[in-house]
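The structure appears right after this line, and notes come after that.
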Amino acid sequence: MSKTELAKAHAGSLDRPDAPATASILMLGEAIHPLRPVPGRRMPQWRVTGAFPKVHDDGGAADSLPLNYILLRHNQTPMAQRVPVLATGPDTVPEGLLRTLATHEAPLALPIVRVTYVPPGPPGFPDPTGGLFVLWPDRTQLAALDDEQELHRVLLSCAQFRIVMPSGENLSHCYRYGEQSTTTADGVSIPVCYEDEPPVHPIADGALRTLRSSDDFDRCGQPTVRVPPEFAARLGRRQVLVSFAASGTATKESKVQALARPIPHSGLRGERAVEVDQLIRNAIGAEIGEDVVLTPVKVRRNRAFDFIAGRPSYVVCRVQTADLPTVEQEVCLLDELTLGILGVQPGDEVIIEGVAEPGGVVKQVRAKAFKTSEVVQQRRESLHGGDLSCRFPSSRDALAVYPDLPWVFLDSATRSALHLAGQKLATVRLRPSRRYQLRKEMREMLLLLGLAFIGLVSILHSVQAQLISLGGLILLVAAGVLTRIRGRLKHDLRVSLGQRIANRRERRRPRR
3 MSKTELAKAH AGSLDRPDAP ATASILMLGE AIHPLRPVPG RRMPQWRVTG
53 AFPKVHDDGG AADSLPLNYI LLRHNQTPMA QRVPVLATGP DTVPEGLLRT
103 LATHEAPLAL PIVRVTYVPP GPPGFPDPTG GLFVLWPDRT QLAALDDEQE
153 LHRVLLSCAQ FRIVMPSGEN LSHCYRYGEQ STTTADGVSI PVCYEDEPPV
203 HPIADGALRT LRSSDDFDRC GQPTVRVPPE FAARLGRRQV LVSFAASGTA
253 TKESKVQALA RPIPHSGLRG ERAVEVDQLI RNAIGAEIGE DVVLTPVKVR
303 RNRAFDFIAG RPSYVVCRVQ TADLPTVEQE VCLLDELTLG ILGVQPGDEV
353 IIEGVAEPGG VVKQVRAKAF KTSEVVQQRR ESLHGGDLSC RFPSSRDALA
403 VYPDLPWVFL DSATRSALHL AGQKLATVRL RPSRRYQLRK EMREMLLLLG
453 LAFIGLVSIL HSVQAQLISL GGLILLVAAG VLTRIRGRLK HDLRVSLGQR
503 IANRRERRRP RR
């Protein structure tokens, strides 16, 4: 059996590779897989149908997997960096596209999506009688398609046309090949990719559209969302729970929430948009351009202690039900890397922050953290898979997130105390207990202080000199303790003085 025949047997009833596509498909070399839209979701969440065997610890075999995961699994460009290009029936023959890509030594993975448009289209708009499709090449594939075309590729905005994806998404832009256009030919400029511009369909009530967060601000060790200034003014010093805004029929993903620190951003003034860190997007399974809901909540934390021990670093973890050895034990299990990022050792105390009702106080618990054994980790990896209806659901199948956040194993009592009872794939935020670390450091340093003072007493005979020396030792020990705590628990990106000066000069330089 040939590769094409084998792909057809796996994927079901498919079009012939020498005929134009009639439905949304994903080309993977000679294999052609049906591409199933997910209502209300962007393309990375769409499902690819076929027989996909288990690879390592990816959640097990399945016959329907997220599009972005399939592209990742084949080491191909993700949807975020692909470019929408309009095509009609004759231009969507898989065999011809495959030949074009192979001739130019371009990657052979190419999504093809059947779309509709709201007439009238712009002048010279292709006749959709034979089917109107959007090809999604990466930049290498786009160069190959450009080379095969006699016409220029031009950019169309949503003001010139309205392309509706089968998921209900309205594209903000799209390219087409045409002789005339009101826009400038785009043959040499950097193409506008899928996630460079958000979609233009209406935003859900009470929601904000998700944008990618930039890297030009201090996150203070916490996952953040940057919000319009007027929204931040209403929040005050409160934090927010971020959740996916279900459109149309409610989705189970909307139950997953993640705690984030809101920061005002003047660039969003007057807009219904929010910049969301990737960590938060992965936690709830939201894509760039989708809508999220921000629920104000309160978090109890002694901010005055920040001046002494520094701001703590946070880690967001995916909750897993406890393995049998830790059931009904008031402990949590973390992997070695997570313990290292938190700056704690096995057996140290950490603070776990859960969720809260709108406007309420986020539930917190203190628990000792231990390293997850390989047996526990491998046993859970072999069991997890499927959507939220399964006992041990997989973030890959339920949220289209792979690889997942680090896991934390919590027993039922702890999950209930965090207001997470009955929630699957929930997330929590962890930080080290600075009070515990202070007590731990003091226990070690007090012994040295006692030995040093005994030595001073034997040397110094004046009570006044002894008291002054004792005070100096106490200050020295306190400085050493705080320095060690700050160095272990706080993670700051350090930029050299010369680089900081150069950055300031660059910002002050007038733009032409």
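If you read the sequence shown in the working numbering, its first letter stands for residue 3, the second for the next number, and so on.
Ideal Cβ positions, reconstructed from N, Cα and C, are used throughout, including at glycine.
For residue j and residue i, believed in contact at Cβ under 8 Å, the rounded distance
i, j, result
"Gln259", "Val357", "5 Å"
"Met81", "Tyr196", "6 Å"
"Pro39", "Trp48", "5 Å"
"Ala402", "Asn77", "The Cβ separation is near 18 Å, so there is no contact."
"Val364", "Leu281", "So it is not a contact: roughly 17 Å between Cβ atoms."
"Leu137", "Val87", "5 Å"
"Arg320", "Thr429", "6 Å"
"Glu32", "Leu134", "Wrong, their Cβ atoms sit about 25 Å apart, outside the cutoff."
"Thr297", "Val377", "Their Cβ separation, rounded to whole angstroms, is 38 Å, which puts Thr297 and Val377 out of contact at 8 Å."
8 Å Cβ cutoff met for residue i and residue j
i, j, result
"Ala206", "Ala145", "no"
"Leu407", "Ala400", "no"
"Thr212", "Ile114", "no"
"Val352", "Ala371", "yes"
"Leu210", "Arg274", "yes"
"Arg441", "Pro314", "no"
"Tyr404", "Leu74", "yes"
"Gly362", "Val301", "no"
"His203", "Gly180", "no"
"Val85", "Pro193", "yes"
"Arg271", "Pro230", "yes"
"Phe54", "Leu67", "yes"
Boundaries (first-last residue) of the beta strand (DSSP E) holding residue i
i, result
"Tyr177", "175-180"
"Asp293", "293-299"
"Ser245", "241-246"
"Ala33", "33-38"
"Ile265", "259-266"
Residue i: first and last residue of the uninterrupted alpha helix (DSSP H) it sits in
i, result
"Leu74", "69-75"
"Leu281", "280-286"
"Pro96", "96-105"
"Leu420", "Per DSSP, Leu420 belongs to no alpha helix (DSSP H) and is neither H nor E."
"Pro231", "231-237"
"Ser216", "Here Ser216 belongs to no alpha helix (DSSP H), and DSSP marks it neither H nor E."
"Gly342", "338-344"
Residue i versus residue j - alpha carbon distance
i, j, result
"Ile34", "Ile27", "7 Å"
"Thr90", "Thr118", "11 Å"
"Gln331", "Asp220", "37 Å"
"Glu277", "Arg240", "17 Å"
"Ala111", "Val50", "13 Å"
"Gln379", "Leu158", "49 Å"
"Asp337", "Pro266", "34 Å"
"Ala454", "Phe233", "56 Å"
"Ala419", "Gln366", "8 Å"
"Leu412", "Gly342", "19 Å"
"Asp148", "Ala285", "38 Å"
"Leu335", "Gln347", "12 Å"
"Leu30", "Glu97", "12 Å"
"Ala481", "Gly223", "23 Å"
"Arg507", "Asp218", "16 Å"
"Pro92", "Ala104", "19 Å"
"Asp293", "Asp198", "16 Å"
"Ser191", "Leu385", "48 Å"
"Arg305", "His106", "59 Å"
"Arg393", "Arg381", "14 Å"
Beta-carbon proximity list for residue i, same chain, < 6 Å, skipping 5 on both sides
i, result
"Glu150", "Thr102"
"Trp409", "Arg320, Gln322"
"Gly500", "none"
"Ala504", "none"
"Ser216", "none"
"Thr79", "Asp140"
Neighbourhood of residue i by C-beta distance below 7 Å, restricted to the same chain and skipping five residues each side
i, result
"Glu435", "Position check: residue 435 holds Ser in this sequence, whereas Glu was assumed. Closer than 7 Å at Cβ, skipping near neighbours: Glu351, Val352, Ile353, Arg368."
"Thr142", "Ala108, Pro109"
"Arg431", "Leu261, Tyr316, Val318, Glu355"
"Pro200", "Ser174, Arg211, Leu213, Gly291"
"Ile310", "Leu484"
"Val2", "Nothing about residue 2 can be read from this structure; the chain reaches only from 3 to 514."
"Thr328", "Leu335, Phe411, Asp413"
"Gly473", "none"
"Arg44", "Glu171, Glu289, Gly291, Glu292"
Residue i: CB within 7 Å of a non-hydrogen atom of the ligand FMN
i, result
"Arg271", "This structure lacks the ligand FMN, and indeed carries no ligand of any kind."
Sequence-distant residues of its chain with Cβ nearer than 8 Å to residue i (five each side left out)
i, result
"Thr340", "Val317, Cys319, Pro408, Val410, Leu432"
"Ala187", "The predicted model places Ala187 with a pLDDT of 45, which falls under 50 and marks its position as unreliable, so this point remains unresolved."
"Gly287", "Gln47, Phe246, Glu255, Val258, Ser397, Ala400, Leu401, Ala402, Val403"
"Asp279", "Ser215, Arg221, Pro225, Thr226, Val227, Ala262"
"Arg486", "Glu443"
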